[in-house]
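Numbering (my numbering), first residue to last: 142 to 269. Note that the Cβ used here is the ideal one computed from N, Cα and C, for glycine as well. Please read the structure below before turning to the comments.
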Ligand SMILES: [Zn+2]
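Written as structure tokens, this is what we have:
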């Protein structure tokens, strides 16, 4: 079994107080951190920080994808590197993806657990 560095006592480099484990959310990303209760100094878990910067790199990329007519619907291809990243983060991914026409000129796709309360309500209704 491997031990995580955040399982160790970490002392704040500024005030020498023992730091506490916490989590912060950034752009839908949960990051493990240790926080100093005295001066609020933070250290992000190095693994999470690396994953987060991979995410930011992907987010800043723009992909040109073609629409194709298949039967009565149009399809677009989602770049593999995006799907791979989501799969790594979520561990499991449904084949079903929610698609919303958010505003004129903009579609959104929702994968896995990035689910808002509104959708959960709708699902509950459908289950009954
Ligand atoms: Zn401190």
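*Could you check what DSSP says for residue 250 in three-state terms: helix, strand or coil?*
strand
_By the three-class DSSP mapping on this structure, what secondary structure does residue 226 have?_
helix
*What do you reckon, is the C-beta of residue 161 under 7 Å from a heavy atom of ligand 1?*
no
*Going by Cα to Cα distance, which pick from 190, 183, 214, 223 is closest to residue 201?*
223
*asked:* Within 8 Å, do at least three Cβ pairs link the stretch 210 to 221 to the stretch 149 to 169?
replied: no
*residue 251 versus residue 162 - alpha carbon distance*: 30 Å
*What are the boundary residues of the alpha helix (DSSP H) that includes residue 214?*
No alpha helix (DSSP H) holds residue 214; the beta strand (DSSP E) holding it covers 214 to 216.
*If you run the structure through DSSP and keep just helix, strand and coil, what is residue 150?*
coil
*CB of residue 179 to nearest heavy atom of ligand 1: below 7 Å?*
yes
*asked:* Just verifying my parser: in three-state terms, what is the DSSP assignment at residue 260?
replied: With a pLDDT of 48 at residue 260, under the threshold of 50, the modelled position of that residue is not reliable, and the figure given next carries that caveat. The answer is helix: DSSP assigns residue 260 an H, G or I state.
_For residue 242, the three-state DSSP class (helix, strand or coil)_ = strand
*Beta-carbon spacing of residue 185, residue 172 below 8 Å*: yes
_Strictly by DSSP, which residues pair up with residue 209?_
216
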